Structures are given as C-alpha cells and as structure tokens.
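As given, the protein sequences belong to chains F and G, one line each in that order.
In this text, residue positions in the first sequence follow the numbering used here: the first is 1139, and each later residue adds one.
In this text, residue positions in the second sequence follow the numbering used here: the first is 1139, and each later residue adds one.
Here the structure is laid out as structure tokens; the discussion comes afterwards.
Protein chains: 2
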Amino acid sequence: MSSVAGKITPDVSARDRAAAIELEGFLPYRLNVLATLVSQSLAKVYGDRFGISIPEWRVLATLGQFREKTAREIGLHSHMHKTTVSRAVAALAERNLIARRPNREDMREAFLTMTPKGQAIYLEIVPLARAFAEQLSEGLSRDELQVLDGLISRLMGKVAHLEGGNGIENT
Amino acid sequence: MSSVAGKITPDVSARDRAAAIELEGFLPYRLNVLATLVSQSLAKVYGDRFGISIPEWRVLATLGQFREKTAREIGLHSHMHKTTVSRAVAALAERNLIARRPNREDMREAFLTMTPKGQAIYLEIVPLARAFAEQLSEGLSRDELQVLDGLISRLMGKVAHLEGGNGIENT
DNA sequence: TATTGTTATACTCTATAACTATA
DNA sequence: TATAGTTATAGAGTATAACAATA
C-alpha cells in the first residue's frame, strides 16, 4: 500500500486515509469552534465595559429573569457548577450588584436578588446582548432559526444521555 | 411601577421584565452549553483511554488528514493559538506519537508527522470519535444534518465579522 | 446522614509577552 | 524587520475534595 521498494511514497495508505476524520466537517469540532467564537465575542461586549465574566453574566441573567433565586437554583438553571456559582456570586456581592436574603425556613441557603446598581448594569447589558444575538442571526429566516433551535434542543437531549454524561449538574 | 406605599410587591417592573433575556432561549448561551457538553463527553472518550487532550487530538486529527503539516499550519487549520499547538506538539513528541522533520529550506519550522505509534493510537480513536458523532446525530435526518451544517457555517461567517473579532488566529 | 454553600487546590484551555533562531 | 516556534506567566472556566452550617 504505502510504498514499493525505495519509492518516495511515505504516504498514508488509502485505507488509513479513508479512516481519517475531516476536522472541518466533524460536528463536535464545529460546534466547539462556533461556540467559542460566539462566547468570546459576546463576553467582550460585557466584559470590556462592565468587568463582568461569563458566570457573572449568567447569574445576573438568571436573576433578571426570575428576580430571586438561590445559588443552587442558579446553578441548575444556567448549567454551572456550584463552585463557579459561588465565586460569581461572591464577586457580584462584593461589588454590591446582588444582595443575599437569608431563607428563614432553611438557613443554609439564601435568596439572591440584584441590587438597584446590579439592575442598572443588567439593563445596560441586555440590549447589547440582544443586539449581539440579533447581529449573529441576521440573515437567518425565522424558520431557519426555529429549525436551529430545535436541532440544538435535540442534540442537547442526545448528549445528556451519552456515555460519561458528566452533565454539569451540581453535586 | 414596582410598588405602591408599603405594598409587598418588591417585583421587577413590567418594563424591566420585558427587557429581560431568557437564558434558555438565548442563542449564544445555548450554543455554549451544547458545545461544552459535547466537547467534554468526547474528550472523555479519548482522554480516559489514551491520555489525549483536546488540543492534542486536534493535532493528531490534522496530521491524520494531511499527513504532514507545520505547527503554524496546524494552528490555522484547527483554530488553535500557536502556544496551544506548541504545547500539544511537545507533549505528543515526548510520548513519541509524532515526529519533527526540519524544513531545510526554512529552518525555523519543522514538518510534523505521526509516528507509527501515533498512527496506531489515532486509528484507535477515529472509530470511537466517529461513533460518538454518529450517536450524537442519531435521529437527525440527512437533510437536517445538512441544514445544521449550513447554519453553523453561516453563523461562523457572521461571528468572524462581529466586533472584537478575537478570531483565534495565530499571532 | 444529607444538603447548601464556601474554600483550597488543581487542571485545562487560552492568551500575552519575552525570547531564540532563523529568514 | 518579520516570522516560526518555545517558554514563562497569567487569566478564565471547571472540577474534586474537604469543610462549616444547617436540616
């Protein structure tokens, strides 16, 4: 296959080449590159201007959506490990962007809400994030966006049941 | 909006709620969660059994596809920073999975290829990775997969031209 | 005993900057 | 001067384990 006598064909055999994976066409790779590019571009939008990290943004977004949540609930909702949430919450509380209200019925946990200052920053970020998402999907029809959404949901369901799972669920 | 007199309505106003972003429906977030789950599950497949990291897998995949590439070319092809490539290459060379062949016409760079040992591991990983990708997209029709592929390409093109760019291009 | 949350620690991936050796 | 590649260093993001407080 590879070479005959001293021929200069130190090449991968036909069989091996057939067994190769084209990285550019490999779905896990493509998803990863796309998501990384998107995340980093978006993180720049709120990172540069407000000094907010991705986990911090997710905490704010969750509180913006539900007003009040415990750290545990935030982790479940935004797919973050409890230590990641804990540190994001600590950083936001330190900057007085969120506040803790103890749960008198279970003193282990605390309800978290945005302070007015946090709300203000959140309300500044939202239109920027929204604009980013709109620019991103500009050119895609409503139908295409819906299809993409459905595909993402189905892939998410699939991967949750694949192997090691890992799951990013909280411990 | 928020509360009248001492009423117990410490609630986000209707205006603010309308301005909120639903994380679960926010495309950048969804892409990121999906890609993370997929990447980590796949990385487990080759990480656990062969001690190969994601950057190392990308180097192997690139060499499997093209047989011979410089570190710079690998970085361009697989969207990795030159320092990431450099370390992955060093680790693979250390384990004797890839070999360097100096370019006599430009001694700054070297052509990289897999050793037989590297080939062997690569050829073990490929069917696992392929099986993973197939399981992942199981249930999607050929048409749907093609649509997904097209959408990813278009989003990739879009994000490349958005803002800070970042680009993950090599310096 | 189990759970919420914190902290110490470490690992992966990425990135900047400073360097070398070549060109 | 510019480029290929290495190394030191640092920053995110994530994870495990050990812990305190509470249930």
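Using N, Cα and C, we set each Cβ at its ideal position, and we do this for glycine too.
What you are looking at is a predicted structure, and each value in this text was computed from that prediction instead of being measured.
Just to confirm, is the Cβ distance from Ser1291/G to Leu1161/F under 7 Å?
no
Identify which residue in Pro1166/F, Leu1278/F, Met1294/F and Lys1255/F has its Cα closest to the Cα of Leu1198/F.
Lys1255/F
If we count the other Cβ atoms within 10 Å of its Cβ and call it buried at 16 or more, is Ser1179/F buried or exposed?
buried
Below 7 Å between beta carbons: does that hold for Leu1214/F and Ile1236/F?
no
With C-beta atoms as the reference, is Leu1261/G less than 7 Å away from Ala1158/F?
no
Is DSSP giving Met1252/F helix, strand or coil here?
strand
What runs of the beta strand (DSSP E), each 3 residues or longer, lie entirely inside the region 1150-1198 of chain G?
none
In terms of DSSP beta bridges, what is Arg1238/G paired with?
Leu1250/G
Between the region 1184-1195 of chain F and chain G, which residues of the former have a C-beta closer than 7 Å to a C-beta of the latter?
none
Chain-ordered neighbours of Leu1172/G on chain F, where CB pairs are closer than 8 Å:
Leu1169, Ala1173, Ile1290, Leu1293, Met1294 and Val1297
With a cut-off of 7 Å, does the C-beta of His1379/F fall near any C-beta of chain G?
The requested residue 1379/F is not part of the displayed model; chain F covers only 1139 to 1309.
Determine which residues of the region 1201-1226 of chain F have a Cβ less than 8 Å from any Cβ of chain G, and write them out in chain order.
Gly1202, Gln1203, Arg1205, His1215, Ser1216 and His1217
Can we count Leu1300/F as close to the ligand FAD, meaning its CB is less than 6 Å from some heavy atom?
This structure does not include the ligand FAD; it has no bound ligands of any sort.
State yes or no: is the C-beta of Thr1208/F within less than 7 Å of the C-beta of Glu1247/F?
yes
On the DSSP bridge assignment, give the partners of Lys1080/G in chain order.
The first residue shown for chain G is 1139 and the last is 1309, placing residue 1080/G beyond what the model contains.
Whole angstroms are fine: how far does the CA of Gln1257/F sit from the CA of His1299/G?
30 Å
Between which two residues does the alpha helix (DSSP H) containing Glu1282/F stretch?
Arg1280 to Ala1298
Taking Cβ positions, are Asn1170/G and Ala1269/F nearer each other than 7 Å?
no
Look at the alpha carbon of Lys1296/F and the alpha carbon of His1219/F, and state the distance between them as a whole number of angstroms.
21 Å
Residues of the region 1227-1252 of chain F with a CB closer than 7 Å to any CB of chain G: list them in chain order, please.
none
Within 8 Å, do at least three Cβ pairs link the region 1274-1292 of chain F to the region 1182-1189 of chain G?
no
Looking only at C-alpha atoms, which of Gly1189/F, Gly1163/F and Leu1230/F sits nearest to Gln1203/G?
Gly1163/F
Could you tell me whether any Cβ in chain G is nearer than 7 Å to the Cβ of Glu1262/F?
no
Taking the straight line between their C-alpha atoms, what separation do you get for Met1294/F and Val1176/G?
8 Å
If you compare alpha carbons, which of Met1245/F, Leu1274/F, Asp1244/F and Arg1225/F is closest to Trp1195/F?
Arg1225/F
Excluding sequence positions up to five away, which residues of its chain have a Cβ less than 8 Å from the Cβ of Asn1241/F?
Thr1208, Glu1247, Ala1248 and Phe1249
For Gly1213/G, does the three-state DSSP call read helix, strand or coil?
helix
Under three-state DSSP, which class holds Glu1262/F?
helix
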